[in-house]
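Counting with my numbering, you get residues 294 to 436 for the letters of the sequence shown.
Working notes for the structure below.
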Amino acid sequence: MYEKLKKYNYLYNKQERKELIARNIIELRKKAGLQQKEVAELLKVQYQTYRNYESGASEPPAEMLVRLSKLYEIPVDIIIGTDDYSKDKEKTRKIIEEQEKEISELRAKVEAEKDEMKKLALTNILNFAENELKKAKSQLDKQ
294 MYEKLKKYNY LYNKQERKEL IARNIIELRK KAGLQQKEVA ELLKVQYQTY RNYESGASEP
354 PAEMLVRLSK LYEIPVDIII GTDDYSKDKE KTRKIIEEQE KEISELRAKV EAEKDEMKKL
414 ALTNILNFAE NELKKAKSQL DKQ
């Protein structure tokens with residue numbers, strides 16, 4: 294019964310939790326086509342207070358999380374990142390970042406290649422991989 298709570302407490306320290314919530318509410322606001330000031334007004338909080346939530350400087354209290362969930366018509370779980378969708382999205386984002394680093398490292402090795410045909414073939418492969426990562430990232434951002 295308490296397994297999910299334990300898991301949540303171990304997965305995120307306080308700063309990581311604030312950053313995760315910040316990323317989620319920024320994404321929700323942008324998808325809704327709203328500005329920070331508009332959201333602050335809708336939530337009946339000062340602009341600076343809301344801005345602090347989005348910057349990760351402070352964590353929204355429970356009442357604010359409920360208001361945000363009502364505003365965007367989603368469960369609080371999505372905002373705080375305890376739903377499986379958010380976790381999968383974070384994992385996917387990290388994998389994409391790791392693969393981008395690997396491609397950069399490989400690109401440096403390809404540049405050192407003397408054989409022009411090999412260099413061209415490897416460059417094409419890396420370009421393809423890079424484009425696929427961009428598509429995946431774009432798709433992830435749209436969700």
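Idealized CB from N, CA, C, for every residue including glycine.
Assign residue i to one of two classes, buried (16 or more other C-beta atoms within 10 Å of its C-beta) or exposed (fewer than that).
| i | result |
| --- | --- |
| Gly326 | exposed |
| Ile388 | exposed |
| Leu361 | buried |
| Glu347 | buried |
Could you give the C-beta distance for residue i and residue j, rounded to a whole number, given that I count them as a contact under 8 Å?
| i | j | result |
| --- | --- | --- |
| Thr416 | Val403 | 6 Å |
| Lys382 | Leu433 | 6 Å |
Would residue i and residue j be called neighbours here (beta carbons separated by less than 8 Å)?
| i | j | result |
| --- | --- | --- |
| Arg400 | Leu426 | no |
| Ile318 | Ile373 | no |
| Tyr365 | Leu321 | yes |
Can you find the residues in the same chain that come closer than 7 Å, C-beta to C-beta, to residue i, ignoring five residues on each side of it along the sequence?
| i | result |
| --- | --- |
| Gly349 | Lys311, Glu312, Ala315 |
For residue i, collect the residues of the same chain with a Cβ closer than 6 Å to its Cβ; drop the 5 residues on either side in sequence, then sort them by chain order.
| i | result |
| --- | --- |
| Glu423 | Ile396 |
| Val338 | none |
Please work out which residues of its chain come closer than 8 Å, Cβ to Cβ, to residue i, disregarding the five sequence neighbours upstream and downstream, and give them in chain order.
| i | result |
| --- | --- |
| Lys307 | Glu352 |
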